[in-house]
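Colleague: Here it is: the structure, laid out below.
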Amino acid sequence: MASSSEYGSHTWDLLLRVDHQHENVNKEFLLQVTGDLHVGGLMLKLVEQIKVAQDWSDYAFWWEQKKCWLLKTHWTLDKCGVQADAKLFFTTQHKMLRLRLPNMKTVRLKVSFSSMVFRAVSDICKTLNIRRSEELSLLKPSEGTLKKKKKKDKNSKEPATEDILNLYNSPVSSGLPANPGLYSKTMTPVYDPVSGSPASSTITWFSDGSLTEQNCSMLALSHPNCSPETLAEMYQPRTLADKAKLNAGWLDSSRSLMEQGVLEDDQLLLRFKYYTFFDLNPKYDAVRINQIYEQARWAILLEEIDCTEEEMLIFAALQARTWSNKLSLSSEAQDFPCESEVDEVEAALSNLEVTLEGGNKSNILEDITDIPKLADNLKLVRPKKLSLKAIKTYWFVFRDTSISYFKNKESAQGEPIEKLNLKGCEVVPDVNVAAKKFGIKLLIPVADGMNEVYIRCDNEDQYARWMAACVLASKGRTMADSSYQPEVQKILSFLQMKNWTMCSQAASEPENVDMKPECFVSPRYTKKFKSKQLTARILEAHQNVSQMSIVEAKLRFIQAWQSLPEFGLSYYIVRFKGSKKDDVLGVSYNRLIRIDMATGDPITTWRFSNMKQWNVNWEIRQVAIEFDQNVSIAFTCLSADCKIIHEYIGGYIFLSTRSKDHNETLDEELFHKLTGGQE
């Protein structure tokens with residue numbers, strides 16, 4: 001029989017801190033425990049000591065030194081590794097968090113600080129009625145991106161209150177499973193597909209109580225732009241290194257908020273991390289469409305992505321259309337559309353989906369043995385020394401994924417002067433509709449970098465056909481692919497928006513229109529033009545979009561954003577194995593691009609479709625990737641943790657597996673398998 005002294009040697013004191021708001025109740029408790037006591041038993045023992053009647057179901061132990069949660073309540077203290085020196089904090093798993101949305105509005109809600117970020121974002125999106133939560137993640141604002149604003153605010157007082165939307169009474173915020181709410185997959189439309197406003201007949205049926213019609217409108221509808229002064233104070237990246245700072249703070253989706261140093265009531269950014277917007281539907285996605293539009297809009301205004309002057313004016317005109325009916329020539333027609341107009345909006349969605357295979361099923365029976373080809377007289381522009389260009393007309397033939405060019409049409413039966421394989425190349429538009437300039441710049445991967453080829457077309461139709469063929473060929477697809485015709489139509493639609501004609505009344509009386517043009521363009525163009533000039537030019541561009549519904553204007557804005565050469569690129573400063581200088585790595589939904597940091601020119605492109613495997617050496621923090629044809633690369637990331645790039649690659653591959661045929665339940669295990677890594 002064991003003596004009492006021998007029994008006492010197995011027990012030890014454990015100091016526990018408790019997070020509660022009760023006055024006159026201790027916050028520290030010293031308990032005698034044994035190593036075979038399980039975590040659930042320790043919680044019970046502690047609650048008995050506290051002697052306060054309340055709901056403790058959301059509480060769990062946070063181990064401060066190890067920075068981890070003890071969530072497996074059936075594990076013993078020995079199995080968890082808890083000893084007498086452990087500092088355990090008994091606290092709630094759901095805590096308040098401030099989220100800055102893409103539209104720059106801030107919401108305050110309770111979020112799980114113990115769940116993996118991937119799951120926490122899913123719960124947040126259900127509260128906000130945003131489908132496809134896998135496209136979003138949480139971003140810590142970089143210190144460097146706040147410097148400009150801090151400098152400006154040094155001598156000014158911080159505003160006492162911020163415009164915050166409080167959603168802390170939602171079921172998700174309370175730690176309860178969310179009911180489907182407006183997120184429901186019911187066939188009943190929950191948004192007006194034209195205006196984007198919540199359908200009043202369904203808001204009461206499906207709302208979860210926290211997202212009222214007013215709150216929903218704040219998230220789903222556009223609001224007037226900020227003042228030019230506010231815009232000037234915001235951080236604008238000037239170089240690739242600056243742009244790399246914007247992507248350094250993505251949280252690890254496989255770890256919890258608490259594990260990554262996020263504290264209660266901290267502010268994080270909720271952003272679309274992956275630029276593959278799948279299955280957009282105005283009937284259910286008004287909030288999602290508006291937030292994508294807002295993220296695109298701010299990227300344009302803050303010059304996070306480059307665009308031409310002509311494109312900037314198109315973006316300005318579409319912005320003006322999304323929040324003001326004053327510029328509209330027929331607001332009644334837009335507010336009460338006929339059925340055919342609604343169908344046109346839905347038809348436009350097919351152009352916005354970024355999927356692996358595209359989707360017009362009417363061409364399934366197309367004869368795949370007869371792959372279409374293009375043949376035209378086009379101009380080939382070859383850069384010469386001293387900035388001179390040699391322009392010469394050749395007979396071009398596009399077949400499969402290659403372009404061949406000949407001296408003339410008669411010699412097309414013989415050997416071509418040159419044959420260019422476009423698979424894996426970069427396709428950059430160079431268009432100025434007003435100047436009748438329709439150019440296509442091709443950056444084709446070769447052994448020692450990129451071979452630049454510049455082709456010029458004669459008109460819009462020719463450009464659209466050749467540009468669409470080049471875009472598909474860069475992805476390894478031919479013109480027989482069902483997405484070819486939609487791609488042609490998308491390009492023509494964008495060109496049509498640029499091809500405006502000036503309205504005489506708008507041109508002569510721009511001062512009669514109540515608008516601040518500086519709010520619709522980036523500061524670079526504000527400095528270039530006077531206010532009246534900008535107003536006139538925006539009104540000129542507005543003629544081609546004035547008949548659009550609000551939702552269609554947002555979709556067109558997103559479509560135009562997707563057409564920009566730099567769309568979807570997230571930048572990181574890296575050092576490639578064997579290199580003596582730093583480079584920039586651009587990560588996109590379908591490829592990696594090595595970019596010269598000094599010039600901004602692409603050096604090499606690697607497609608995900610050619611990737612065989614990738615892994616990370618966690619000891620030296622090096623990412624290694626192996627491609628087809630014995631191509632291997634390795635690099636260390638200097639501007640962020642290598643885990644972020646590892647997760648980007650795995651995340652994009654995960655998103656490429658989505659299908660409309662499947663239900664909306666995500667394979668979370670597969671996501672973590674592709675993105676988690678083994679540290």
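full-length UniProt numbering puts the first residue of the sequence shown at 1, with every later residue one more than the last.
Idealized CB from N, CA, C, for every residue including glycine.
Quick caveat, the model's predicted, so the values are computed rather than measured.
1. Specify, as a first and last residue, the run of the alpha helix (DSSP H) that M43 falls within.
2. Between L313 and I491, how many whole angstroms is the CB-CB distance? I'm expecting something under 8 Å.
3. Along the chain, where does the alpha helix (DSSP H) that runs through G439 open and close?
4. Could you pull the DSSP bridge partners for R586 from this structure?
5. Would you please state the rounded distance, in angstroms, between the beta carbons of V584 and I595? I believe it to be under 8 Å.
6. Please report the straight-line C-alpha distance between K51 and W250, rounded to a whole angstrom.
7. Please classify H10 as buried or exposed, where buried requires at least 16 other C-beta atoms within 10 Å of its C-beta.
8. Using 10 angstroms around the beta-carbon of L15, count the other beta-carbons present and answer buried if the total reaches 16, otherwise exposed.
9. With I550 as the anchor, note down where its alpha helix (DSSP H) starts and where it stops.
10. At what residues does the beta strand (DSSP E) containing Y405 begin and finish?
11. Tell me the rounded alpha-carbon separation between K475 and G424.
12. Rounded to whole angstroms, how far is the Cβ of residue 748 from the Cβ of S522, which I believe are closer than 8 Å?
13. Tell me, please, which residues DSSP counts as bridged to E452.
14. Cα separation between L378 and D458?
15. For I645 and L655, I'd like the C-alpha separation in whole angstroms.
16. Buried or exposed: where does A598 fall if 16 or more other Cβ atoms within 10 Å of its Cβ makes it buried?
17. Is DSSP giving P282 helix, strand or coil here?
18. When the Cα atoms are used, what is the spatial distance from H94 to W606?
19. Provide the residue span of the alpha helix (DSSP H) that contains L674, from first to last.
20. According to the Cβ coordinates, are F90 and E668 closer than 9 Å?
21. Let me make sure I understand the geometry here. Which of H672, K581 and S639 has the alpha-carbon closest to that of N247?
22. Can you tell me whether DSSP reads F494 as helix, strand or coil?
23. Could you have a look at D376 and say whether DSSP puts it in helix, strand or coil?
24. Mapping DSSP to helix, strand and coil, what is M606?
25. What is the DSSP secondary structure of Q267, reduced to helix, strand or coil?
26. Compare the Cα-Cα distances from Q319 to each of D265, C519 and P102 and report the closest residue.
27. Whole angstroms are fine: how far does the CA of L674 sit from the CA of I305?
28. Considering only the alpha carbon of each residue, which of E134, L31 and T34 lies closest to F278?
29. From what residue to what residue does the beta strand (DSSP E) around F118 run?
30. Could you name the residues of the same chain whose beta carbon sits closer than 8 Å to that of K433, not counting the 5 residues immediately before and after it, in chain order?
31. Please report the distance separating the alpha-carbon of R556 from that of L666.
32. By how many angstroms is the C-alpha of R131 removed from the C-alpha of E552?
33. Could you give the DSSP three-state label for D13: helix, strand or coil?
34. Does the distance from the C-beta atom of S411 to that of T322 stay below 9 Å?
35. Y59: which of V82, K67, Q32 and V18 sits nearest, CA to CA?
36. Could you give the first and the last residue of the continuous beta strand (DSSP E) run that contains W62?
Modeller: Based on what the coordinates show:
1. The count along the sequence shown starts at 1 and reaches residue 43 at position 43. Start and end: V39 to I50.
2. Taking the first residue of the sequence shown as 1, we reach residue 313 at position 313. Taking the first residue of the sequence shown as 1, we reach residue 491 at position 491. Rounded, the Cβ-Cβ distance is 18 Å, inconsistent with contact.
3. As a first step, residue 439 must be located in the sequence shown, where it is residue number 439. Premise fails: G439 lies in the beta strand (DSSP E), K437 to V446, not in any alpha helix (DSSP H).
4. Along the sequence shown, one-based indexing puts residue 586 at 586. Here the sequence assigns Gly to residue 586, which means Arg is not the residue at that position. According to DSSP, which records beta bridges pairwise, G586 is partnered with Y571 and I593.
5. Counting from 1 along the sequence shown, the entry for residue 584 is found at position 584. Counting from 1 along the sequence shown, the entry for residue 595 is found at position 595. That pair is a contact at about 4 Å.
6. By 1-based counting over the sequence shown, the position of residue 51 is 51. By 1-based counting over the sequence shown, the position of residue 250 is 250. Taking the straight line joining both Cα atoms gives about 41 Å.
7. By 1-based counting over the sequence shown, the position of residue 10 is 10. When all chains shown are included, H10 counts as exposed.
8. Residue numbering aside, residue 15 sits at position 15 when the sequence shown is read from its first letter. The residue in question, L15, is exposed, as its Cβ has fewer than 16 Cβ neighbours within 10 Å.
9. Within the sequence shown, numbered from 1, the residue matching residue 550 stands at position 550. Taken as a continuous stretch (DSSP letters only), the alpha helix (DSSP H) holding I550 covers I550 to S563.
10. As a first step, residue 405 must be located in the sequence shown, where it is residue number 405. S402 to F406 is the extent of the beta strand (DSSP E) around Y405.
11. As a position in the sequence shown, residue 475 is number 475, starting the count at 1. As a position in the sequence shown, residue 424 is number 424, starting the count at 1. Each residue's alpha carbon lies about 6 Å from the other.
12. No statement about residue 748 is possible, as the shown extent of the chain runs from 1 to 679 and does not include it.
13. In the sequence shown, counting from the first residue as 1, residue 452 sits at position 452. Paired residue(s): L443.
14. Translated into positions along the sequence shown, residue 378 becomes position 378. Translated into positions along the sequence shown, residue 458 becomes position 458. Using only the alpha carbons, I get a separation of about 7 Å.
15. Stepping through the sequence shown from its first residue, residue 645 is reached at position 645. Stepping through the sequence shown from its first residue, residue 655 is reached at position 655. Spanning the two alpha carbons is a distance of roughly 15 Å.
16. Taking the sequence shown and counting its residues from 1, the one referred to as residue 598 is at position 598. Label assigned to A598: exposed.
17. Residue 282 sits at position 282 when you count from the first residue of the sequence shown. Coil, per DSSP.
18. Counting from 1 along the sequence shown, the entry for residue 94 is found at position 94. Counting from 1 along the sequence shown, the entry for residue 606 is found at position 606. Rounded to the nearest angstrom, the two C-alpha atoms are 42 Å apart.
19. Position 674 of the sequence shown, counting from 1, holds the residue named residue 674. Looking at the DSSP string, the run of the alpha helix (DSSP H) that includes L674 is E668 to T675.
20. For this step, residue 90 is matched to residue 90 along the sequence shown. For this step, residue 668 is matched to residue 668 along the sequence shown. Result no, Cβ atoms of F90 and E668 do not sit closer than 9 Å.
21. Taking the first residue of the sequence shown as position 1, residue 247 is located at position 247. It is S639.
22. Residue 494 sits at position 494 when you count from the first residue of the sequence shown. F494 falls in the helix class under three-state DSSP.
23. As a working mapping, residue 376 is identified with position 376 in the sequence shown. If DSSP states are grouped into helix, strand and coil, D376 belongs with the strands.
24. Position 606 of the sequence shown, counting from 1, holds the residue named residue 606. With the sequence shown as reference, residue 606 is identified as Trp, and Met is not the correct amino acid for it. Correct three-state label for W606: strand.
25. One-based indexing of the sequence shown puts residue 267 at position 267. Q267: strand per DSSP, three-state reduction.
26. Sequence index remark: in the sequence shown, residue 319 carries index 319 (1-based). If we check each option's Cα against that of Q319, C519 comes out closest.
27. For the purposes of this step, residue 305 is identified with residue 305 of the sequence shown, where counting begins at 1. For the purposes of this step, residue 674 is identified with residue 674 of the sequence shown, where counting begins at 1. So the two alpha carbons sit approximately 29 Å from each other.
28. Stepping through the sequence shown from its first residue, residue 278 is reached at position 278. Of the listed residues, the one whose Cα sits closest to F278 is E134.
29. The residue you call residue 118 lines up with position 118 of the sequence shown. Here F118 belongs to no beta strand (DSSP E); instead the alpha helix (DSSP H) covers V117 to L128.
30. As a position in the sequence shown, residue 433 is number 433, starting the count at 1. Just to set this straight, residue 433 is Val in the shown sequence, not Lys. So the qualifying residues of the chain are E310, E460, L495, K498 and N499.
31. Taking the sequence shown and counting its residues from 1, the one referred to as residue 556 is at position 556. Taking the sequence shown and counting its residues from 1, the one referred to as residue 666 is at position 666. One C-alpha to the other measures close to 29 Å.
32. Looking up residue 552 in the sequence shown gives position 552. Looking up residue 131 in the sequence shown gives position 131. Cα-Cα distance, rounded: 19 Å.
33. Numbered from 1 along the sequence shown, position 13 holds the residue referred to as residue 13. D13: strand per DSSP, three-state reduction.
34. By one-based count along the sequence shown, residue 411 stands at place 411. By one-based count along the sequence shown, residue 322 stands at place 322. The answer is no: Cβ separation not under 9 Å.
35. Residue mapping note: residue 59 aligns to position 59 of the sequence shown, counting from 1. Cα-wise, what sits closest to Y59 is V18.
36. Taking the first residue of the sequence shown as 1, we reach residue 62 at position 62. Y59 to W63 is the extent of the beta strand (DSSP E) around W62.
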